Amino acid sequence: MNKDFTESSGNVFTDLGFSPEEAAILQMRADLMANLSKFIKARKLTQAKAAEIFGVSQSRVSDLTRGKWEKFSLEMLITLATKAGMRVSLKTAA
């Protein structure tokens, strides 16, 4: 069976054709959203309790857990992660 495939660059957003700059930001946003969703699940938080911790409305937590990434800036996700007690850092490599 012959299967054609393209090896990933390591960033799905680059693979989808976004510019390197935009792909980097989108990847950071996706990673933060995934980590925040894991935080909520691991602690078995209701959306209301998560909203209280994050200092946002329950509907914002719903958007977060449903993966509505377009509704969250990188800055907002960093703020939410910090409120959750996560340490957020930016790493660069040459």
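Residue numbers for the sequence shown, in our numbering: 674 to 767. A virtual CB, placed ideally from N, CA and C, is assigned to each residue, including glycine. Fair warning: this is a prediction, and the values are worked out from it, not measured in the lab.
With burial defined as no fewer than 16 other Cβ atoms inside 10 Å of the residue's Cβ, what is the status of residue i: buried or exposed?
i	result
Arg760	exposed
Arg733	buried
Leu689	exposed
Arg716	exposed
Phe727	buried
Please identify the residue among the options whose C-alpha is closest to the C-alpha of residue i.
i	options	result
Ala757	Met706, Asp677, Phe678 and Gln700	Met706
Thr765	Ser681, Gln731, Glu694 and Lys676	Glu694
Assuming residue i is part of the alpha helix (DSSP H), what are its boundary residues?
i	result
Val729	Unbroken run through Val729: none, as it is neither H nor E.
Leu750	Leu747 to Lys756
Ser710	Pro693 to Ala715
Val685	Val685 to Asp688
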